[in-house]
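Single-structure report; data block below.
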Amino acid sequence: KNEVEQSPQNLTAQEGEFITINCSYSVGISALHWLQQHPGGGIVSLFMLSSGKKKHGRLIATINIQEKHSSLHITASHPRDSAVYICAVSKNYGGATNKLIFGTGTLLAVQP
Amino acid sequence: DTGVSQDPRHKITKRGQNVTFRCDPISEHNRLYWYRQTLGQGPEFLTYFQNEAQLEKSRLLSDRFSAERPKGSFSTLEIQRTEQGDSAMYLCASSQAGTGTSYEQYFGPGTRLTVT
Chain A
1 KNEVEQSPQN LTAQEGEFIT INCSYSVGIS ALHWLQQHPG GGIVSLFMLS
51 SGKKKHGRLI ATINIQEKHS SLHITASHPR DSAVYICAVS KNYGGATNKL
101 IFGTGTLLAV QP
Chain B
1001 DTGVSQDPRH KITKRGQNVT FRCDPISEHN RLYWYRQTLG QGPEFLTYFQ
1051 NEAQLEKSRL LSDRFSAERP KGSFSTLEIQ RTEQGDSAMY LCASSQAGTG
1101 TSYEQYFGPG TRLTVT
């Protein structure tokens, strides 16, 4: 079983819809990251969070540490949001935190 | 600062050849990471450096792979005797360093390797 699981793997939405992508993890973490990857492109960090909720524009990320679960929400989705969204965690090595463990990503297609 | 850069962006090589990739991190970042991503999968950790010290290597990094960061600035990843299974996107990322906390990682555009 992967240490980081995402759902759904694929998601198609109509422009304007509210979108939710879920991430569950099974290890102790110091932080959870949401990343965006466009086809053929590099990876951009959207959020890094260790508790609560963060908002940036139309994007909202939440995390529940007790349940080991995070969600990424996109409000008023737009075709330019089409990308792969990847959840990753920084494992807690007792104070020294470093490498990321990634989920397999969610391919989002927003249709006009 | 222009962010993390990688060179080349694309590399096509024949099986058995050696290849070397370069990563230039954000200048004030102490940590540098190498990841590999195959089609349809999330990236997987290969190795990371804090300054010039290579602190961790994944089991994915066979003895055909070697990475260096000689002066604590840019890093190189070399693959010897390439195999078709090495075909992937090789991603570099950098971050600040510190104990007891996490820092955001900044990714380069990646080097796509195709082994024919």
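Protein sequence lines correspond, in order, to chains A and B. Its first residue numbered 1, the first sequence is counted upward by one per residue in the numbering used here. Its first residue numbered 1001, the second sequence is counted upward by one per residue in the numbering used here. The beta carbon of each residue, even a glycine, is placed where N, CA and C say it ideally should be.
{"Check": "Contact with chain A by SER1102(B), beta-carbon distance below 8 Å", "Outcome": "yes"}
{"Check": "Per-residue DSSP class, three states only, for GLY1085(B)", "Outcome": "helix"}
{"Check": "Limits of the unbroken beta strand (DSSP E) element including PHE1045(B)", "Outcome": "1044-1050"}
{"Check": "For SER71(A) and THR20(A), believed in contact at Cβ under 8 Å, the rounded distance", "Outcome": "6 Å"}
{"Check": "Helix, strand or coil at ARG1069(B) according to DSSP, with G and I counted as helix", "Outcome": "coil"}
{"Check": "Beta-carbon proximity list for GLU1078(B), same chain, < 6 Å, skipping 5 on both sides", "Outcome": "THR1020 and SER1066"}
{"Check": "Beta carbon proximity, ASP1007(B) to chain A, threshold 8 Å", "Outcome": "no"}
{"Check": "For LEU1032(B) and THR1076(B), the rounded distance between their alpha carbons", "Outcome": "11 Å"}
{"Check": "Option in CYS23(A), GLY16(A), ALA13(A) and PHE18(A) with minimal Cα separation from ILE137(A)", "Outcome": "Because chain A is modelled from 1 through 112, residue 137(A) falls outside the range shown and cannot be assessed."}
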